[in-house]
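*Asks:* Protein sequences appear in the order of chains B and X.
Under the numbering used here, think of the first position of the first sequence as 1, with each following residue one higher.
Under the numbering used here, think of the first position of the second sequence as 1001, with each following residue one higher.
Number of protein chains: 2
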Amino acid sequence: MNSKLKTKLIEIARTKYSTDDPSHDFNHILRVLSNIESIVKEEKADLDILIPAALFHDVVNHPKNDPKAKFSSDESAIVVKKVLENIKEYPRHKIAQVEYAVSVCSFNKGIVPNTLEAKILQDADGLEATGAISIMRTYASAGQMKINFYNQKDPFCKKRKPEALQYALDLFYQRLLKIKERCHTKKGKKIAERRTKFLLKFLKELEQELKGE
Amino acid sequence: MNSKLKTKLIEIARTKYSTDDPSHDFNHILRVLSNIESIVKEEKADLDILIPAALFHDVVNHPKNDPKAKFSSDESAIVVKKVLENIKEYPRHKIAQVEYAVSVCSFNKGIVPNTLEAKILQDADGLEATGAISIMRTYASAGQMKINFYNQKDPFCKKRKPEALQYALDLFYQRLLKIKERCHTKKGKKIAERRTKFLLKFLKELEQELKGE
């Protein structure tokens, strides 16, 4: 993709993200783009598809605890389609693939994508649910939703099933620690593995701190 | 302090903390108590003073970005005084020291306490602003206040002064990384030093992640 079109798309996308949810603001989008740039160093993928898909993949984003949450990806796909249709210089035959990548993006949907670009987008977005970044995002959501940091009786889910809408730390066990297994690309997996090690260090440190140490 | 009185005080305190602010809920109080237990293993301090001081030190807690925030400690001291005056079995001559410890508790006030108990409470509460716990608390507040996770142009305050009310990560540079220097007790300092090392690991990891790695 030429840099003029990329800049144009970035500027359109930037206006569409609110600053109300720091877990899904435009910095999240810029990080996903940055993850994509790392992954495509090792994969021959089409950036014409990947860049708009990354930029608009969260443009509609209902809160996690809202029943409409499951429609966010499909609604985002409709938005990106309309945006690209209005840009003359964007190749029309690639629009459907952008839509597809956006609509299957969320790991939560459980869809294994069948195009390389959709796989890369899913990996790049999945990486946002690992490492230091996922800790920031998890606890910002906990603050917004006013839920507990952890279950006081069993913080590390040793004897119970994780309940991430009740206890923020449970999301580690329900989702964050599993991201590495779901990555499709070699590079995505490699990054996820290092980030997962950091999550385990965080849990170890927290365990010590909860003992007053 | 006998365990019956301790349990009674815990139960009174528990009812006074709301679940609206996960950074200052009753689990925060329990962690401060736990930090105190670690510190008093190496310091001969009066738990009759320390336990109620810890339990009620945040009982009034105006939000960080509220102009009334600076009065929280003094208002908490008034509450604990009233509570203890109504408990017959609590030694009246110790009430003033509890009040004192609560009123000077916040590191932000910049007061160096002149009693051992007030020093220990300040250390135990200060430890909540270090380590994995401080990351959870910082980002939960960021979510509540809807502020940015970091400054996109200079996340690690390399070329600018930290502005913690604008960017959550700036709090590391404004406060969290400095806690270890402010501790009064040997044990408090030792714990803070280990926790600070973890904060530095978090920053190093985040720097790598922001590059898409």
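Beta carbons: idealized from backbone N, C-alpha and C, even for Gly.
Of the choices Lys-41/B, Asp-58/B and Lys-190/B, whose alpha-carbon is the least far from that of Ser-23/B?
*Replies:* With distances taken between Cα atoms, Ser-23/B lies closest to Asp-58/B.
*Asks:* With a threshold of 8 Å between beta-carbons, can Asn-27/B be considered close to chain X, or not?
*Replies:* True, the Cβ-Cβ gap to chain X drops below 8 Å.
*Asks:* Drop a sphere of 10 angstroms on the beta-carbon of Gly-1131/X, count the other beta-carbons inside from all chains shown, and report buried for 16 or more, exposed for fewer.
*Replies:* Flag for Gly-1131/X reads buried.
*Asks:* Taking only beta-carbon atoms, is Pro-162/B less than 8 Å away from chain X?
*Replies:* Judged by the 8 Å Cβ criterion, Pro-162/B is not in contact with chain X.
*Asks:* Can you tell me whether Leu-1090/X is helix, strand or coil according to DSSP?
*Replies:* For the sequence presented, residue 1090/X should be read as Tyr rather than Leu. Tyr-1090/X falls in the coil class under three-state DSSP.
*Asks:* Measure the beta-carbon distance from Leu-1127/X to Leu-1050/X and round it to whole angstroms, keeping in mind my assumption that it falls under 8 Å.
*Replies:* About 14 Å separates the two Cβ atoms, so there is no contact after all.
*Asks:* Between Val-1032/X and Ala-1140/X, is the Cβ-Cβ spacing less than 8 Å?
*Replies:* Cβ distance not < 8 Å, so Val-1032/X and Ala-1140/X don't count as in contact.
*Asks:* Is any beta-carbon of chain X found at less than 8 Å from that of Leu-116/B?
*Replies:* Not one chain X Cβ lies under 8 Å of Leu-116/B.
*Asks:* Note down, in chain order, all residues in the segment 4-22 of chain B with a beta-carbon under 9 Å from any beta-carbon belonging to chain X.
*Replies:* The residues in question are Thr-19, Asp-20, Asp-21 and Pro-22.
*Asks:* At the level of alpha carbons, what is the spacing between Lys-1158/X and Leu-1005/X?
*Replies:* When rounded, the distance between both Cα atoms is 50 Å.
*Asks:* Just the chain B side, please: which residues come within less than 7 Å of Asn-1035/X by C-beta, in chain order?
*Replies:* Chain B residues near Asn-1035/X: Gly-212.
*Asks:* Against Glu-42/B, what residues of chain X qualify as contacts under a CB-to-CB distance less than 8 Å, listed in chain order?
*Replies:* Correct list: empty, because the minimum Cβ distance to chain X is about 12 Å.
*Asks:* Could you pull out every residue in the same chain whose Cβ sits closer than 8 Å to the Cβ of Ala-129/B, ignoring the five residues on either side in sequence?
*Replies:* Contacts found: Phe-107, Arg-137, Arg-175, Leu-176 and Ile-179.
*Asks:* Which bits of chain X does Phe-156/B rub up against, with CB to CB less than 9 Å?
*Replies:* Chain X residues near Phe-156/B: none, gap ~12 Å exceeds 9 Å.
*Asks:* List the residues of chain X whose Cβ lies closer than 7 Å to the Cβ of Met-268/B, in chain order.
*Replies:* Outside the modelled stretch of chain B, which goes from 1 to 213, sits residue 268/B, for which no answer is possible.
*Asks:* Nearest CA to the CA of His-1062/X: which residue from Asp-1020/X, Glu-1099/X, Val-1098/X and Cys-1183/X?
*Replies:* Nearest of Asp-1020/X, Glu-1099/X, Val-1098/X and Cys-1183/X to His-1062/X, Cα basis: Asp-1020/X.
*Asks:* Listing by chain order, which chain X residues have their CB less than 7 Å from the CB of Gln-144/B?
*Replies:* Per Cβ cutoff of 7 Å: Gly-1143 and Gln-1144.
*Asks:* Cβ of Arg-175/B less than 8 Å from any chain X Cβ?
*Replies:* Answer no: the Cβ-Cβ gap between Arg-175/B and chain X never drops below 8 Å.
*Asks:* Starting from His-1028/X, follow the alpha helix (DSSP H) in both directions and report where the run begins and ends.
*Replies:* Unbroken alpha helix (DSSP H) run through His-1028/X: 1026-1040.
*Asks:* Determine the DSSP secondary structure at Tyr-100/B, reduced to helix, strand or coil.
*Replies:* Tyr-100/B: helix per DSSP, three-state reduction.
*Asks:* Kindly identify the DSSP beta-bridge partner or partners of Asn-148/B.
*Replies:* Answer by DSSP bridge pairing, in chain order: Tyr-167/B.
*Asks:* Chain X partners of Gly-131/B, CB-CB under 9 Å?
*Replies:* The contacting residues are Glu-1205, Leu-1206, Gln-1208 and Glu-1209.
*Asks:* Just to check my reading of the structure: Met-1/B and Leu-47/B have Cβ atoms closer than 8 Å, yes? What is that Cβ distance to the nearest angstrom?
*Replies:* The pair is a contact, with the Cβ atoms about 5 Å apart (cut-off 8 Å).
*Asks:* Could you tell me which chain B residues have their CB closer than 7 Å to the CB of Phe-1198/X, listed as they occur along the chain?
*Replies:* By Cβ distance, chain B contributes Glu-205.
*Asks:* Can you tell which of Lys-1201/X, Asp-1025/X and Phe-1172/X has its C-alpha closest to the C-alpha of Ala-1054/X?
*Replies:* Here the closest residue by C-alpha is Asp-1025/X.
*Asks:* Taking Ile-1191/X as the query, report the chain B residues whose CB atoms sit under 7 Å from its CB, ordered along the chain.
*Replies:* In chain order: Glu-213.
*Asks:* Between Tyr-90/B and Ala-118/B, which are expected to be in contact by the criterion C-beta below 8 Å, what is the C-beta distance as a whole number of angstroms?
*Replies:* About 18 Å; that fails the 8 Å criterion.
*Asks:* Please list the terminal residues of the continuous alpha helix (DSSP H) segment that includes Arg-194/B.
*Replies:* Looking at the DSSP string, the run of the alpha helix (DSSP H) that includes Arg-194/B is 186-210.
*Asks:* Taking CB distances under 8 Å as the criterion, tell me whether Ser-38/B reaches chain X.
*Replies:* Yes, its Cβ sits closer than 8 Å to a Cβ of chain X.
*Asks:* Determine the contact status of Ile-1095/X and Val-1104/X, defining contact as a CB-CB distance below 8 Å.
*Replies:* The answer is no: Cβ separation not under 8 Å.
*Asks:* Give the straight-line distance between the Cα atoms of Gly-212/B and Glu-1037/X, rounded to the nearest whole angstrom.
*Replies:* Taking the straight line from one Cα to the other gives about 7 Å.
*Asks:* For my contact list, Ile-1133/X and Leu-206/B are in at a C-beta cut-off of 8 Å; report their separation, rounded to the angstrom.
*Replies:* So it is a contact: roughly 7 Å between Cβ atoms.
*Asks:* Does the Cβ of Arg-1195/X have 16 or more other Cβ atoms within 10 Å, making it buried, or fewer, making it exposed?
*Replies:* Classification of Arg-1195/X: buried, given that the 10 Å Cβ count is 16 or more.
*Asks:* Under a three-way DSSP split, which group does Tyr-1139/X fall into?
*Replies:* Tyr-1139/X: helix per DSSP, three-state reduction.
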